[in-house]
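Here's the structure, in structure tokens; my notes come after.
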Amino acid sequence: MKYTQLGRTGLKVSRLVLGTMNFGPQTNEADSHAIMDAALDAGLNFFDTANVYGWGENKGRTERIIGNWFAKGGDRRDKVVLATKVYGNMAPDDNEPWPNHNKLSALNIRRAVDASLKRLQTDYIDVYQFHHIDRATPFEEIWQAIDVLVQQGKILYVGSSNFPGYKIAQANEIAARRGGTIGLVSEQCLYNLAERRAEMEVIPAAQDYGLGVIPWSPLHGGLLGGVIKKEVEGGRRTSGRAADTLADPAARAQIQAYEDLLDKHGLEPGEAALAWLLTRPGVTGPIVGPRTAEQLTSALRAVELELSEELLTGLDEIFPGPGPSPEAFAW
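According to our numbering, the stretch in the sequence shown is residues 1228 to 1558, in order.
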């Protein structure tokens, strides 16, 4: 495994991040524990989750699965850089939450941290992430709540997720004015070959403010994982976002060109898509969310892939990025 610093911090993390969103809804607890063991054995030390994972009436289930794995001992907790998130409505029925039971008020942050710590069976969270911007809560209040939690030893670092570039700047400028607050150290955003809008504002802001970029959905809902090849060879029907995209003839032709290019270079599409992200400026590591141990093994191979300049140029031709900001939208 290869490692890098998380943004401007001294925290060293693996170039792949283990996403746990499938633990519970798609993968049972025993298999989830086996995947985490395999990840740790492979040197993958950065684990990502969220308080809402498990979804519906099972919100919090994923954190409990991780907590039960930590409870097995064997230095599991000490070896893991643990990241979780706060913002979402934790009411199991998804109805309107009781006041102050979601988003980023100081009260909900305090409540949510304690609940996550209990489910995770740990006394601290390495990277506590805001899952979304809260338009109603000023950053002065948010940072005051975070300062208290840092002083209490309940969290060490703070990250954002799904923030626009201007909110990254605003959050860290207010943190700097307050003094004594490190501010955001990471941004978790939607970023992959097929979805490169983050290159316009989010990633430049993250780089300027020293945030590590953690892409989620690196395979764009399976679209970049060899979906057409799997249809043809395995008779596997495509569903969800990938199926909707492939229903568009132009989009299907784009994905076919992508798969053909990688076949020419003898590479698996999913592994190449992850390896491409590892070449991108500012990227700490993409989140991989395996449902099985085999999927984890495939993802791990991406860290060792070296993509040629010819291949990188070909990928840019198929999936052109927006270009530098502000030229991309100014003229």
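Note that the Cβ used here is the ideal one computed from N, Cα and C, for glycine as well.
Output the distance between the C-alpha atoms of residue i and residue j, rounded to the nearest integer angstrom.
{"i": "Leu1183", "j": "Asn1278", "result": "Here the chain has residues from 1228 to 1558 only, and residue 1183 is not among them."}
{"i": "Gly1294", "j": "Lys1312", "result": "15 Å"}
{"i": "Glu1367", "j": "Leu1539", "result": "43 Å"}
{"i": "Ala1396", "j": "Gly1287", "result": "31 Å"}
{"i": "Ala1478", "j": "Tyr1485", "result": "11 Å"}
{"i": "Asp1320", "j": "Leu1271", "result": "34 Å"}
{"i": "Asp1350", "j": "Val1375", "result": "15 Å"}
{"i": "Ala1557", "j": "Glu1458", "result": "41 Å"}
{"i": "Asn1285", "j": "Ala1480", "result": "39 Å"}
{"i": "Leu1383", "j": "Val1440", "result": "18 Å"}
{"i": "Glu1400", "j": "Ala1363", "result": "18 Å"}
{"i": "Thr1254", "j": "Trp1296", "result": "14 Å"}
{"i": "Trp1503", "j": "Gly1301", "result": "34 Å"}
{"i": "Pro1431", "j": "Gly1407", "result": "24 Å"}
{"i": "Arg1337", "j": "Ile1360", "result": "17 Å"}
{"i": "Glu1544", "j": "Asn1322", "result": "45 Å"}
{"i": "Gly1283", "j": "Asp1341", "result": "20 Å"}
{"i": "Thr1573", "j": "Pro1365", "result": "No statement about residue 1573 is possible, as the shown extent of the chain runs from 1228 to 1558 and does not include it."}
{"i": "Ser1413", "j": "Ala1433", "result": "7 Å"}
{"i": "Asn1327", "j": "Ile1482", "result": "44 Å"}
Taking C-beta to C-beta, are residue i and residue j nearer than 8 Å?
{"i": "Tyr1418", "j": "Pro1442", "result": "yes"}
{"i": "Ala1372", "j": "Ala1398", "result": "no"}
{"i": "Val1240", "j": "Gly1461", "result": "no"}
{"i": "Leu1238", "j": "Asp1275", "result": "no"}
{"i": "Pro1517", "j": "Gly1453", "result": "no"}
{"i": "Glu1422", "j": "His1447", "result": "yes"}
{"i": "Val1385", "j": "Leu1411", "result": "yes"}
{"i": "Arg1242", "j": "Arg1291", "result": "no"}
{"i": "Leu1438", "j": "Gly1234", "result": "yes"}
{"i": "Tyr1280", "j": "Thr1236", "result": "no"}
{"i": "Leu1267", "j": "Arg1303", "result": "yes"}
{"i": "Ala1529", "j": "Glu1498", "result": "yes"}
{"i": "Ala1500", "j": "Leu1451", "result": "yes"}
{"i": "Gln1232", "j": "Ala1298", "result": "no"}
{"i": "Arg1405", "j": "Trp1370", "result": "yes"}
Using DSSP's beta-bridge definition, name the partner residues of residue i.
{"i": "Gln1232", "result": "Lys1239"}
{"i": "Val1429", "result": "Val1429 is not bridged to any residue."}
{"i": "Ile1514", "result": "Val1244"}
{"i": "Asn1419", "result": "Glu1422"}
{"i": "Lys1312", "result": "Gln1356"}
{"i": "Trp1443", "result": "Leu1417"}
{"i": "Ile1382", "result": "Ile1352"}
With a threshold of 16 other CB atoms inside 10 Å of the CB of residue i, please say whether the residue is buried or exposed.
{"i": "His1358", "result": "buried"}
{"i": "Gln1379", "result": "exposed"}
{"i": "Met1228", "result": "exposed"}
{"i": "Thr1506", "result": "exposed"}
{"i": "Gln1415", "result": "buried"}
{"i": "Ala1403", "result": "exposed"}
{"i": "Ser1388", "result": "buried"}
{"i": "Ala1436", "result": "Per the sequence shown, residue 1436 should be read as Tyr rather than Ala. Tyr1436 is buried by the Cβ-count criterion."}
{"i": "Asn1329", "result": "buried"}
{"i": "Trp1325", "result": "exposed"}
{"i": "Pro1547", "result": "exposed"}
{"i": "Arg1468", "result": "exposed"}
{"i": "Asn1335", "result": "buried"}
{"i": "Ala1474", "result": "exposed"}
{"i": "Pro1445", "result": "buried"}
{"i": "Gly1251", "result": "buried"}
{"i": "Ser1535", "result": "exposed"}
{"i": "Ala1339", "result": "buried"}
{"i": "Lys1381", "result": "buried"}
Any beta carbon of chain D sitting closer than 8 Å to that of residue i?
{"i": "Arg1288", "result": "Among the chains in the structure shown there is no chain D, since it carries only a single protein chain."}
Run the proximity test for residue i: is its beta-carbon closer than 7 Å to any non-hydrogen atom belonging to the ligand COA?
{"i": "Met1263", "result": "In the structure shown, the ligand COA is absent, as is every other ligand, since no ligand is present at all."}
Assess, as a yes-or-no matter, whether the region 1517–1530 is touched by the region 1244–1264 under the definition of 3 or more beta carbon pairs within less than 8 Å. The answer is yes - the region 1517–1530 touches the region 1244–1264, with three or more Cβ pairs under 8 Å.
Is the number of C-beta pairs between the region 1308–1322 and the region 1342–1359 that are closer than 8 Å three or more? Yes: the two stretches touch, three or more of their Cβ pairs being nearer than 8 Å.
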